[in-house]
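The sequence shown lines up with residues 112 to 415 when you count with my numbering. Glycine included, C-beta positions come from ideal geometry on N, C-alpha and C. Here's the structure, in structure tokens; my notes come after.
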Amino acid sequence: MIKKLMLIAKGVAMGAADVVPGVSGGTIALLTGIYPRLINAITGLNIHSLKALAKGQFGKFWQAIDGCFILPLLIGIASAFLVLAHPIKYAIAAHPIPTWSFFFGLIIASAILIIKQMKDKKPLNYLWLIPGVFVGFWIGIQTSIPFGSDNTAVLIAGMLAICAMILPGISGSFILVLLGMYEVLISAVTNREYSTLFIFICGAIIGLIFFSRVIKAVLSKFYQQTLFFLSGLMLGSLTKVWPWEITVHSHEQGMNHTETITNVLPMSYPNPMTMTAISMALFAIVLVFTIEYLGRKLSYNQSD
Numbered sequence: 112m113i114k115k116l117m118l119i120a121k122g123v124a125m126g127a128a129d130v131v132p133g134v135s136g137g138t139i140a141l142l143t144g145i146y147p148r149l150i151n152a153i154t155g156l157n158i159h160s161l162k163a164l165a166k167g168q169f170g171k172f173w174q175a176i177d178g179c180f181i182l183p184l185l186i187g188i189a190s191a192f193l194v195l196a197h198p199i200k201y202a203i204a205a206h207p208i209p210t211w212s213f214f215f216g217l218i219i220a221s222a223i224l225i226i227k228q229m230k231d232k233k234p235l236n237y238l239w240l241i242p243g244v245f246v247g248f249w250i251g252i253q254t255s256i257p258f259g260s261d262n263t264a265v266l267i268a269g270m271l272a273i274c275a276m277i278l279p280g281i282s283g284s285f286i287l288v289l290l291g292m293y294e295v296l297i298s299a300v301t302n303r304e305y306s307t308l309f310i311f312i313c314g315a316i317i318g319l320i321f322f323s324r325v326i327k328a329v330l331s332k333f334y335q336q337t338l339f340f341l342s343g344l345m346l347g348s349l350t351k352v353w354p355w356e357i358t359v360h361s362h363e364q365g366m367n368h369t370e371t372i373t374n375v376l377p378m379s380y381p382n383p384m385t386m387t388a389i390s391m392a393l394f395a396i397v398l399v400f401t402i403e404y405l406g407r408k409l410s411y412n413q414s415d
């Protein structure tokens, strides 16, 4: 029972990390020592295990996905999503600058932390930061949202977000921010839009089935290069969560409403709350490194 409660607690920590665009649930899994088992459980969800489930071979399916491990973890993750979705939606709407500043700090700290965690820092691997930064910056400066909010977009967002959620370094919610889908999914959770959530979950399952083995293979062969690239991607994409942005163009055409939004410096923003923003970003950075320290201590004590 204690082990199950610990797994639920780790799931809560993973869910809390993934519901905000900063530290990934994969990073939390890495810090708490369950990442290899998590990847093995995820890759167990494949065509063969689903066929076993369809034939009524529940025991075989349960064993393939390591159900005794994955179920309490999912309970914790779902609990975190349900508890935190509404406060985050409120915070973004009512206090955008402090909230996005907090996310900004989370992303910086997470990118640094992933590089810090690597034991063998080969100088050539640092070069992978460069394409990551360029790709992230290109994504971040896009003024038009590449995704809509229809069912197809929700399905694809689920496929992409779940891949990020299981990667250490980049959070699924951060991917949703980049796609312009973050607030859509947060609203779906808080408003109990079950059809949207169902489509998103279907996309996540499809993503797991088709991409989990690819992710496992890439990480096994190019672990450090991949994480350096992802860290660069996060740093380059910081423009997407910049706390100070203004609408420079708004256009109405029939039922469609489009806006062009640009980032500005705090001194060009009315009531920029600069000190509050800096404080929230620093608080987020301290929080991430505190979690990392506690995770190391927990892993060390368990190894003893």
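Whole-angstrom C-beta distance between residue j and residue i, which should lie under 8 Å
i	j	result
Val246	Gly314	22 Å between Cβ atoms; not a contact.
Gly122	Ile188	5 Å
Gly318	Ile273	4 Å
Phe180	Leu118	7 Å
Asn236	Phe339	5 Å
Met391	Pro209	5 Å
Gly292	Ala268	First, the amino acid is wrong: residue 292 is Met here, not Gly. Confirmed, about 4 Å.
Ile372	Ile396	With 8 Å as the limit, Ile372 and Ile396 do not qualify as a contact, their Cβ atoms being about 26 Å apart.
Asn157	Ile320	6 Å
Leu278	Ile326	7 Å
Asp354	Trp249	The residue you asked about is not Asp; residue 354 is Pro in the sequence shown. That pair is no contact at about 21 Å.
Val288	Val352	6 Å
Contact under 8 Å by Cβ, residue i with residue j
i	j	result
Ile297	Ala196	yes
Leu346	Ala222	yes
Ser284	Val131	yes
Asn374	Thr350	yes
Ser323	Ile153	yes
Ala225	Ser342	The displayed chain sequence assigns Ile, not Ala, to residue 225. Cβ atoms of Ile225 and Ser342: closer than 8 Å.
7 Å CB neighbourhood of residue i in its chain, flanking five on each side removed
i	result
Gly155	Ala175, Ile176, Asp177
Phe192	Gly126, Val130, Val300
Leu344	Gly243, Val246, Gly247, Ile281
Lys114	none
Pro183	Lys115, Leu118, Ile119, Gly122
Lys227	none
Asn151	Asp177
Ile393	One detail in the question is off: residue 393 reads as Leu in this sequence, not Ile. Taken in chain order, the residues that qualify are Gly216.
Own chain, CB closer than 6 Å to residue i, minus 5 neighbours either side, in chain order
i	result
Leu271	Ile286
Leu149	Ala140
Met276	Asp129, Gly136, Gly283
Phe213	Met391, Ala395
Ser255	With a pLDDT of 47 at Ser255, under the threshold of 50, the predicted position of this residue should be treated as unreliable, though the coordinate-derived value follows. So no residue of the chain qualifies.
Leu164	Phe172
Thr401	none
Residues of its chain near residue i, where Cβ-Cβ distance is below 8 Å and the 5 sequence neighbours each way are ignored
i	result
Lys233	Gln335
Ser190	Ile119, Gly122, Val123, Gly126
Leu161	Phe172, Ile320
Glu294	Lys200, Ile203
Tyr380	Trp355, Ile357
Ile310	Asn262, Val265, Leu266, Gly269
Ile252	Thr350
is_contact[residue i, chain B] using C-beta, thresh 8 Å
i	result
Lys227	Of the protein chains in this structure there is only one, and it is not chain B.
| query | Are the region 135-146 and the region 196-216 touching, with three or more C-beta to C-beta distances below 8 Å? | reply | Touching, no.
| request: Give, in chain order, every unbroken run of the alpha helix (DSSP H) that is at least 4 residues long and sits entirely within the region 172-212. | output: Fully enclosed alpha helix (DSSP H) runs of 4 or longer: 178-205.
| query | Per the contact definition of three or more C-beta pairs closer than 8 Å, is the region 225-241 in contact with the region 370-389? | reply | Counting Cβ pairs under 8 Å, fewer than three are found: no touch.
| said: Could you check whether the region 298-305 touches the region 163-175, counting it as contact only if at least three pairs of C-beta atoms, one from each stretch, sit closer than 8 Å? | reply: No, they do not touch.
| message | Please give me, in chain order, every unbroken run of the alpha helix (DSSP H) with length at least 4 that falls completely inside the region 300-363. | response | Fully enclosed alpha helix (DSSP H) runs of 4 or longer: 305-347.
| query | What are the uninterrupted segments assigned as alpha helix (DSSP H) that are 4 or more residues long and contained completely in the region 112-169, given in chain order? | reply | Whole alpha helix (DSSP H) segments, 4+ residues: 113-130, 136-142, 146-154, 158-165.
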